[in-house]
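J.: Before I ask anything, here is the structure I am working with.
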Amino acid sequence: MIRELQRTRARVTHIWPPPASYPIDFDVIFSELVEDLPGRLPWSPGEPSCALIALLNEDCSLNAPMLRNCTPHGFVSLPVRPNDLVAALVIGLSQFQYEKRLRSRIDKLDDYIRAIRSVERAKTVIMSRKQLNEDEAYHFLRRQAMARRISIGELALAIVDTDEMLT
């Protein structure tokens, strides 16, 4: 297996016996699917720092809850055939990178939603303090953000925080 990975020009580090906690400075971890695998992974389920490919023994019975906890990006059945190994490597890395992009987009969308909520709350504060209607309050907020060269969300958060401190 190590030779097959080296043929793909991958830099391979073999760690045996399996450590209590896997290091996170790798692109891919190949690990035998054992009962305590989820506890050995240094990340929370759903937030991996590298791709995980599980090695399945022929005599191994699959434990569905354990599989859900370690969420591997690919599988390879032992004994390993070269084509299966390369396919699992490519698919596992692709799946990991795809999930990473999705998590990044989710984080950006969460930030955007928080900014929208802050803008709505800031508009309410401006409307009550300056006696403006909703459109005027938004335009006021926008002009102030542009004058300060910051995002509307940042200014809105500052206004909301200041209002909460003063009340």
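Residues in the sequence shown are numbered from 1 upward in steps of one, following full-length UniProt numbering.
Yeah, the Cβ is synthetic: ideal placement off N, Cα and C, and Gly gets one too.
Remember, predicted model here, so these are calculated numbers, not experimental data.
Touch check for the segment 46-61 and the segment 18-30: three-plus C-beta pairs under 8 Å?
T.: Yes, the segment 46-61 is in contact with the segment 18-30.
J.: Can you confirm whether the segment 138-153 touches the segment 107-120 when touching is taken to mean that 3 or more C-beta pairs between the two stretches lie within less than 8 Å?
T.: Yes: the two stretches touch, three or more of their Cβ pairs being nearer than 8 Å.
J.: For the structure I just gave you, are there three or more beta carbon pairs, one from the segment 103-112 and one from the segment 81-91, closer than 8 Å?
T.: The segment 103-112, when compared against the segment 81-91, does not touch it at the 8 Å Cβ threshold.
J.: For Ser77, which of helix, strand or coil comes out of DSSP?
T.: Reduced to three states, the DSSP call for Ser77 is strand.
J.: So is Ile159 buried or exposed if we call it buried at 16+ other beta carbons inside 10 Å?
T.: When all chains shown are included, Ile159 counts as buried.
J.: With a CB to CB cut of under 7 Å and the five nearest residues on each side skipped, what residues in its chain are close to Asp163?
T.: Excluding residues within five positions, the ones whose Cβ falls inside 7 Å are Val125.
J.: By DSSP, does Leu132 sit in helix, in strand, or in coil?
T.: In this structure, Leu132 counts as coil in the three-state DSSP scheme.
J.: Apply the 10 Å Cβ neighbour rule to Tyr98 and answer buried if 16 or more other Cβ atoms are within range, or exposed otherwise.
T.: It counts as exposed.
J.: So Gly74 and Gly92 are supposed to be a Cβ contact under 8 Å. How far apart are they, rounded?
T.: The pair is a contact, with the Cβ atoms about 3 Å apart (cut-off 8 Å).
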